[in-house]
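Worksheet: one structure, shown below.
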Amino acid sequence: MKSLLRLWPYLRRYRRTLLWGILTVVLSNLFTVLQPRLIGNAIDKLKVGLETKHIDGTGLLIYAGLVVALSLIAGFFTFLTRQTIIVVSRHIEFDLRNDFLQNIQKLPLSYFQNTSTGDLMAHATNDISAVRNALGPGIMYPTDTLMTFTMALAMMLSADWGLTLLALIPLPLVSYAVYRLGQAIHQKFEVRQHQFSLLTQRAQENLSGIRIVKAYVREKYEIRRFFDLSWDYLKKNLVLARIQSVMWPLMFMLVGFSLVITIYFGGLRVIQGTMTIGTLTAFFGYLSLL
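In structure tokens, the structure reads:
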């Protein structure tokens, strides 16, 4: 998020569109968190119908229709979210490329004597594309996560605050894991970007100086150097991919602890009659949203 603050002058240009995008995130989550409650009510209604041997099919169909309608509305607002926030990231990418070109044209000759062409090419292509890829999701996903967590937590507390506190016991571990893995991913990503700059620099120098390479019969040597740089780039990508591959399984494992806690203590509440099975089902739905 600190990196995003550096882009505030660009974000400010599209603040109205971004505010509309954030509003669609809120509305999408609002219609999403209502669905588990409706499903829980439908299950309780079905349970009563089975006990009394009089199932209200019309009422269940109404609940099903409401869930489908809420899903469609939530999906529509999610579509609007991507059409606003992600599109803004594309516009900012366009602005960054224009400003980058204008800026390098104003720099003194000494800057270009001390900076390789490969670095400039990497900044103009891969680095700006990486900013765009991080910018849209960097705004959309944290906002979506915050809204989902806040709304789902409020619904869970209203259902059973004691079970909610028990289910959230693994939450500090999740937060710590995300923080540590996020730091590692950021560090390895910067290392990978630097290696890409070296790779681009070598390719550009060989292409621009191809006559010199051929004149001194250095083709095999340059091919070998480029292969070594490419291999290092591959290894750095694999290191980054390994760290990223750990995050989601670890998240699912920690969330699984919450599910186990909820099943045990929630099941006891259902057996004791202090919680309905529909409320427990809705609780699972809210927990899955977290």
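Under our numbering, the letters of the sequence shown match residues 236 to 525, in that order. For each residue, glycine too, the CB sits at the ideal point set by N, CA and C.
Label Ile374 either buried or exposed according to how many other C-beta atoms from any shown protein chain fall within 10 Å of its C-beta, with 16 as the threshold for buried.
Counting other Cβ atoms within 10 Å of its Cβ, Ile374 reaches 16 or more and is therefore classed as buried.
Please report the distance separating the alpha-carbon of Tyr346 from that of Met356.
If I take the Cα positions, the gap works out to 15 Å.
Going along the chain, which residues of its own chain have a beta-carbon closer than 8 Å to the beta-carbon of Lys423, five neighbours each way excluded?
Excluding residues within five positions, the ones whose Cβ falls inside 8 Å are Lys471, Val474, Leu475, Ile478.
Alpha carbon of Ile278 to alpha carbon of Ala359, nearest angstrom
For Ile278 and Ala359, the distance between alpha carbons rounds to 56 Å.
What are the uninterrupted segments assigned as beta strand (DSSP E) that are 3 or more residues long and contained completely in the stretch 272 to 307, given in chain order?
Counting whole runs of 3 or more residues, the stretch 272 to 307 contains no beta strand (DSSP E) stretch at all.
contact_flag[the stretch 424 to 438, the stretch 458 to 471] where n(CB pairs < 8 Å) is 3 or more:
The stretch 424 to 438 is in contact with the stretch 458 to 471.
Please report the straight-line C-alpha distance between Gly256 and Val302, rounded to a whole angstrom.
Distance between the alpha carbons of Gly256 and Val302 is about 24 Å.
Could you compute how far the alpha carbon of Thr383 sits from the alpha carbon of Ser393?
Between Thr383 and Ser393, the C-alpha separation is close to 15 Å.
Tell me which residue opens and which closes the alpha helix (DSSP H) that Tyr521 is part of.
Per DSSP, the continuous alpha helix (DSSP H) segment holding Tyr521 begins and ends at 512 to 524.
Does DSSP put Leu342 in a helix, a strand or coil?
The answer is coil: DSSP assigns Leu342 none of H, G, I, E or B.
Looking at the secondary structure, which residues open and close the alpha helix (DSSP H) in which Tyr456 lies?
Secondary structure note for Tyr456: its alpha helix (DSSP H) is the uninterrupted segment 454 to 507.
Status (buried if at least 16 other CB within 10 Å, exposed otherwise) for Gly310
Gly310 comes out exposed.
To the nearest angstrom, how far is the alpha carbon of Phe487 from that of Ile496?
Looking at the two C-alpha atoms, the distance is approximately 14 Å.
Mind checking whether Leu401 and Arg504 have CB atoms under 8 Å apart?
No, Cβ-Cβ distance for Leu401 and Arg504 is not below 8 Å.
Delimiting residues of the alpha helix (DSSP H) encompassing Gln436
In the DSSP annotation of this structure, the continuous segment of the alpha helix (DSSP H) that includes Gln436 starts and ends at 406 to 443.
Is it the case that the stretch 404 to 424 contacts the stretch 318 to 337, given that we only count it when at least three CB pairs across the two stretches are under 8 Å?
With contact defined as three or more Cβ pairs closer than 8 Å, the stretch 318 to 337 and the stretch 404 to 424 are not in contact.
So is Asp463 buried or exposed if we call it buried at 16+ other beta carbons inside 10 Å?
Under this definition Asp463 is an exposed residue.
Can you give me the C-alpha to C-alpha distance between Arg367 and Phe312, rounded to a whole angstrom?
Rounded to whole angstroms, Arg367 to Phe312 spans 22 Å at the Cα level.
Grab the span of the alpha helix (DSSP H) containing Asn368 for me, first residue to last.
Going by DSSP, Asn368 is part of the alpha helix (DSSP H) stretching over 363 to 394.
Could you tell me how far apart the beta carbons of Val260 and Thr316 are, in whole angstroms, since I believe they sit closer than 8 Å?
5 Å between Cβ atoms; contact.
Mind checking Asn349: buried by the 16 CB within 10 Å criterion, or exposed?
With fewer than 16 other beta carbons inside 10 angstroms of its own, Asn349 counts as exposed.
Per DSSP, what kind of secondary structure is Thr399 in: helix, strand or coil?
Thr399 sits in a helix when the DSSP states are folded into three classes.
For Phe518, is the classification buried or exposed, using 16 other Cβ atoms within 10 angstroms of its Cβ as the cut-off for buried?
It is buried - the Cβ of Phe518 has at least 16 other Cβ atoms within 10 Å.
Would you kindly check if the distance between the Cβ of Ile274 and the Cβ of Leu281 is under 8 Å?
Their beta carbons are not under 8 Å apart, which means Leu281 does not touch Ile274 by this criterion.
Tell me whether the beta-carbon of Ile297 lies closer than 8 Å to the beta-carbon of Leu331.
Not a contact, by the Cβ cut-off of 8 Å.
Short check: CB of Met386 to CB of Asn264, under 8 Å?
One thing to note: Met386 has its Cβ within 8 Å of the Cβ of Asn264.
Between the CA atoms of Phe492 and Leu524 - distance to the nearest angstrom:
The straight-line gap from Cα to Cα measures roughly 15 Å.
By the three-class DSSP mapping on this structure, what secondary structure does Ser263 have?
Secondary structure at Ser263: helix, using DSSP grouped into helix, strand and coil.
Which residue's Cα is closest to the Cα of Val490: Pro405, Ile320, Asn441?
The shortest C-alpha separation from Val490 is found at Pro405.
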